[in-house]
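Mapping of the sequence shown onto the working numbering: residues 10 to 178, in sequence order. Idealized CB from N, CA, C, for every residue including glycine.
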Amino acid sequence: MTTPRAIQPLRLFSIEALRAGWYLAARVLPWMLPYPVLGLAVFFVGTRLGFAHIGAVIACSIFAAAFGVFINRSGRVASRWAESRWGRALPDDDMVWLSILWRAMVALMKTWFVTSPALILIALADNAFLLVVGVVLSATLILAAGGHAMSRVAAARLADREPEPPPSA
Numbered sequence: 010m011t012t013p014r015a016i017q018p019l020r021l022f023s024i025e026a027l028r029a030g031w032y033l034a035a036r037v038l039p040w041m042l043p044y045p046v047l048g049l050a051v052f053f054v055g056t057r058l059g060f061a062h063i064g065a066v067i068a069c070s071i072f073a074a075a076f077g078v079f080i081n082r083s084g085r086v087a088s089r090w091a092e093s094r095w096g097r098a099l100p101d102d103d104m105v106w107l108s109i110l111w112r113a114m115v116a117l118m119k120t121w122f123v124t125s126p127a128l129i130l131i132a133l134a135d136n137a138f139l140l141v142v143g144v145v146l147s148a149t150l151i152l153a154a155g156g157h158a159m160s161r162v163a164a165a166r167l168a169d170r171e172p173e174p175p176p177s178a
């Protein structure tokens, strides 16, 4: 049996953060994506039928339900990820979603300052290849920020409960 890794958060610009972000996205997005699609369809149909206000209210309610799915699933996914990485599940995964969102936004702000010149040049260029590069770079940054945020939250929650090493004799 392998020994669990030391409980340390992942670096923002790392392949491991990208993998952790993909782990989170692949287990939360499939449950969330039907809601925005349904919300946009309701809004489109409501607008076509002349009930734009009612359609907008229903669509916003459906988008709120998608956010509720993220709240419900992200804590369990972070707990499973921490268990697979460090051998210990999160003891309290109810409010993890708020910490993940906050830390992901902070991480995205950090990446924006590092990559903004490249993204601006890509946006100004009139080249389809550069547009694809910009989209891939943006998606990569979002996934890495999500993985970095999830690892920081999980490491902080587990570090408080890390057992004391045995005293040396």
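What is the DSSP secondary structure of residue i, reduced to helix, strand or coil?
| i | result |
| --- | --- |
| Leu19 | coil |
| Gly64 | helix |
| Gly59 | coil |
| Leu38 | helix |
| Leu33 | helix |
| Met10 | Per-residue confidence for Met10 stands at a pLDDT of 42, beneath the threshold of 50, marking its modelled position as unreliable; no derived number is given. |
| Ala165 | helix |
Where residue i and residue j are concerned, what is the direct C-alpha to C-alpha distance, given to the nearest angstrom?
| i | j | result |
| --- | --- | --- |
| Lys119 | Trp31 | 19 Å |
| Val78 | Arg28 | 22 Å |
| Trp106 | Ala165 | 14 Å |
| Ser70 | Ile16 | 39 Å |
| Arg89 | Leu99 | 8 Å |
| Pro167 | Trp121 | First, the amino acid is wrong: residue 167 is Leu here, not Pro. Those two C-alpha atoms are separated by around 29 Å. |
| Val123 | Ile109 | 21 Å |
| Ile24 | Ser93 | 17 Å |
| Arg161 | Val115 | 12 Å |
| Met104 | Met159 | 12 Å |
| Trp40 | Pro18 | 26 Å |
Assuming residue i contacts residue j under a Cβ cut-off of 8 Å, what Cβ separation, rounded to an integer in Å, is found between them?
| i | j | result |
| --- | --- | --- |
| Ala74 | Tyr44 | 5 Å |
| Val113 | Gly155 | Note that residue 113 is Ala in the sequence shown, not Val. Indeed, because the Cβ distance is near 5 Å, the residues count as touching under 8 Å. |
| Ala153 | Leu21 | 6 Å |
| Leu117 | Leu150 | 7 Å |
| His157 | Ala26 | 4 Å |
| Val65 | Phe52 | Residue identity check: residue 65 is Ala in the sequence provided, not Val. Confirmed, Cβ separation roughly 6 Å. |
| Arg97 | Ala91 | 6 Å |
Please list the segments of the alpha helix (DSSP H) lying wholly inside the region 85-136, counting only runs of 4 or more residues, in order along the chain.
105-133
Touch test, the region 54-66 against the region 20-40, Cβ-Cβ under 8 Å, three pairs minimum
no
Any 3 or more C-beta pairs closer than 8 Å across the region 116-132 and the region 142-153:
yes
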